[in-house]
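Visitor:
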Amino acid sequence: GAVVSQHPSWVICKSGTSVKIECRSLDFQATTMFWYRQFPKQSLMLMATSNEGSKATYEQGVEKDKFLINHASLTLSTLTVTSAHPEDSSFYICSASGRASTDTQYFGPGTRLTVL
Amino acid sequence: GESVGLHLPTLSVQEGDNSIINCAYSNSASDYFIWYKQESGKGPQFIIDIRSNMDKRQGQRVTVLLNKTVKHLSLQIAATQPGDSAVYFCAENTSGDDKIIFGKGTRLHILP
Numbered sequence: 012g013a014v015v016s017q018h019p020s021w022v023i024c025k026s027g028t029s030v031k032i033e034c035r036s037l038d039f040q041a042t043t044m045f046w047y048r049q050f051p052k053q054s055l056m057l058m059a060t061s062n063e064g065s066k067a068t069y070e071q072g073v074e075k076d077k078f079l080i081n082h083a084s085l086t087l088s089t090l091t092v093t094s095a096h097p098e099d100s101s102f103y104i105c106s107a108s109g110r111a112s113t114d115t116q117y118f119g120p121g122t123r124l125t126v127l
Numbered sequence: 657g658e659s660v661g662l663h664l665p666t667l668s669v670q671e672g673d674n675s676i677i678n679c680a681y682s683n684s685a686s687d688y689f690i691w692y693k694q695e696s697g698k699g700p701q702f703i704i705d706i707r708s709n710m711d712k713r714q715g716q717r718v719t720v721l722l723n724k725t726v727k728h729l730s731l732q733i734a735a736t737q738p739g740d741s742a743v744y745f746c747a748e749n750t751s752g753d754d755k756i757i758f759g760k761g762t763r764l765h766i767l768p
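Sequences listed follow chains A and B, in order.
Everything in the first sequence is counted per my numbering, starting at 12 for the first residue and increasing by one.
Everything in the second sequence is counted per my numbering, starting at 657 for the first residue and increasing by one.
1. Residues of the segment 44-62 of chain A with a CB closer than 7 Å to any CB of chain B: list them in chain order, please.
2. Run through chain A and tell me which residues come within less than 9 Å of D740 of chain B, C-beta to C-beta.
3. Return the chain-ordered list of same chain residues with a C-beta closer than 6 Å to the C-beta of S659 of chain B, the five sequence neighbours on each side being excluded.
4. Let me see if you follow: with CB-CB separation under 9 Å, is I757 of chain B close to chain A or not?
5. Answer yes or no: does any C-beta atom of chain B fall closer than 9 Å to that of R35 of chain A?
6. Could you pull the DSSP bridge partners for E748 of chain B from this structure?
7. Is S33 of chain A helix, strand or coil by DSSP?
8. Output, in sequence order along the chain, the residues in the segment 688-705 of chain B whose CB is closer than 9 Å to any CB in chain A.
9. Is there a Cβ of chain D sitting closer than 9 Å to that of K712 of chain B, yes or no?
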C-alpha cells in the first residue's frame with residue numbers, strides 16, 4: 012500500500028516558538044493532503060484540506076494564521092504551528108490521497124507536539 | 657451538525673471471542689464508510705471500507721455491515737486476538753467531497 016511519512020515524530024518546544032511538521036507521500040503523487048489534530052482520548056478532527064499548488068481550505072474554528080499549511084509539491088505538505096502555546100499540544104496527523112476523488116486516504120504515523 | 661458517532665466508548669472482549677463494534681451516522685448523504693484501527697501513538701490504519709450500494713463486505717477476520725435504513729454501521733472481528741487491542745473509528749464520506757469525517761472511537765480491550 013501507499014506510504015505516508017511525517018517528520019518529526021515527536022517535537023517538544025517552548026511556548027512562543029514556531030514548529031514545522033512535514034508530511035510526505037513516499038510512493039505516490041498526492042493531489043490532496045489533509046491535516047488532522049487529535050487530543051488525548053478523542054477522535055481525529057479535520058483542520059484543513061490542501062491541494063497541490065493552491066491555498067488550503069480550513070475547517071471552521073481553525074485559525075489559518077496560526078496553522079500555516081503549504082502544499083508546494085505533489086509529495087510534500089507542511090504544517091507550521093506559529094507562536095505555539097501549551098494548548099496547541101496535540102497529536103497532528105496528515106493523510107494524502109491521489110488524483111481521483113475516490114482515492115483512498117493514506118494516513119501518516121502522526122507527530123506528537125508538546126509545547127512547554 | 658451532522659456527525660458520525662458510536663454507541664460504546666469501551667468494549668472488553670475475551671480473547672478468541674468475536675467483537676462487534678457499532679457506529680451510527682446521521683448524514684443520509686454519506687455513501688462511503690471506512691473503519692480504521694488506531695494503536696497508541698500511531699496514525700489510523702485502514703481496516704475495511706464499504707460503499708452504500710452494499711450491505712456487507714468481508715475481509716480477513718473482519719466484516720463490515722451497513723444498514724442504511726437505520727443509518728447503522730458495524731465492524732465484526734472474528735476470533736479476537738491481543739493484537740486487536742486498539743481504538744476503532746468509523747468514518748464517513750460523501751461523493752464529491754474529499755473529506756473524511758471521523759466518529760468518536762471505541763476502545764477494544766482484549767481480556768486474557
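Here a beta-carbon is modelled for each residue, glycine too, at the ideal position from N, C-alpha and C.
Guide: Reading off the structure:
1. Answer set for the segment 44-62 of chain A: S54, L55, L57, T60.
2. Simply none; closest approach about 19 Å.
3. Note on S659 of chain B: pLDDT 43, under 50, position unreliable in the model; the coordinate value appears next. Correct list: empty, nothing qualifies.
4. Output row for I757 of chain B: interface = yes.
5. Closer than 9 Å: no.
6. DSSP lists B:F689, B:I757 as partners of E748 of chain B.
7. It should be noted that the sequence gives Glu, not Ser, for residue 33 of chain A. In the displayed model, E33 of chain A falls within a strand according to three-state DSSP.
8. Cβ contacts with chain A come from Y688, I690, Y692, Q694, G697, K698, G699, P700, Q701, F702, D705.
9. Included in the structure are the protein chains A and B, with no chain D among them.
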